[in-house]
Amino acid sequence: MADKEISTEIVTYGNPVLRRRAEPVTVIDSSIKRITEAMVEAMLRANGIGLAAPQIGVGKRIIALDIDGEFHILINPEIIELSTDEEEATEGCLSVPGVDAPVTRRTHAVVRGVTLDEKEIELVGEGLMARAIQHEIDHLNGVLFIDHLTPAKRRFLLKEYARMQREKDQ
Numbered sequence: 000m001a002d003k004e005i006s007t008e009i010v011t012y013g014n015p016v017l018r019r020r021a022e023p024v025t026v027i028d029s030s031i032k033r034i035t036e037a038m039v040e041a042m043l044r045a046n047g048i049g050l051a052a053p054q055i056g057v058g059k060r061i062i063a064l065d066i067d068g069e070f071h072i073l074i075n076p077e078i079i080e081l082s083t084d085e086e087e088a089t090e091g092c093l094s095v096p097g098v099d100a101p102v103t104r105r106t107h108a109v110v111r112g113v114t115l116d117e118k119e120i121e122l123v124g125e126g127l128m129a130r131a132i133q134h135e136i137d138h139l140n141g142v143l144f145i146d147h148l149t150p151a152k153r154r155f156l157l158k159e160y161a162r163m164q165r166e167k168d169q
């Protein structure tokens with residue numbers, strides 16, 4: 000990756016980077032560390048609990064999680080186990096600000112990834128952590144939470160989002 004400035008601005012719905020599958024990280028170098036710093040800054044500024052690199056316009060497979068005092072950065076994360084038990088809960092997204100909807104997700108998830116110091120780790124997530132893991136890895140695959148809704152609910156939510164954006168721009 001070129002030595003360019005990395006934005007800490009969160010990209011929003013409509014930006015094509017959110018719909019592309021993110022590329023694996025092949026080398027953990029200073030540019031990857033700068034990306035993760037920008038991600039953490041953006042996530043904390045927005046009071047988020049998770050963020051994926053595409054949400055700051057970077058098509059790399061990196062996620063950051065900050066849930067209940069547990070902070071993690073995972074490079075090239077992959078879900079290796081999901082429960083069959085599911086739970087519906089209201090979900091939102093920093094890249095689709097101002098709207099939320101009930102989304103059904105698995106209640107237990109195990110994710111494997113690499114830390115910034117190049118150690119392989121596994122995280123076991125229950126409840127909110129499991130939901131956040133699934134949500135952020137969806138981002139790495141070009142999937143947004145609205146894609147888990149029925150077509151009618153998605154249309155309604157996107158109309159509401161567009162209305163809110165128009166009002167904000169006035």
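Quick note, the sequence shown lines up with residues 0 to 169 if you use numbering that gives the first Met the number 0.
The C-beta atom is built at its ideal place from N, Cα and C for all residues, glycine as well.
Just so you know, these numbers come straight off a predicted model, no measurement behind them.
Annotation: Asp84 is outside any beta strand (DSSP E) and is labelled neither H nor E by DSSP.
Ranked by how close their Cα comes to the Cα of Leu115, the residues Gly126, Ile72 and Arg60 have Ile72 in first place. Excluding residues up to 5 positions away in sequence, Arg130 and Gln133 lie with their Cβ nearer than 6 Å to the Cβ of Arg104 in the same chain.
For Val123, the three-state secondary structure derived from DSSP is strand.
Of the residues Pro101, Glu80 and Glu87, the one whose Cα lies closest to the Cα of Val109 is Glu80. Contact between Leu139 and Arg60 holds: CB atoms are separated by about 5 Å, below the 8 Å threshold.
The way I'd put it, the segment 35 to 48 doesn't touch the segment 15 to 25; fewer than three beta-carbon pairs between them come closer than 8 Å.
Rounded to whole angstroms, the separation of the alpha carbons of Pro150 and Val24 is 34 Å.
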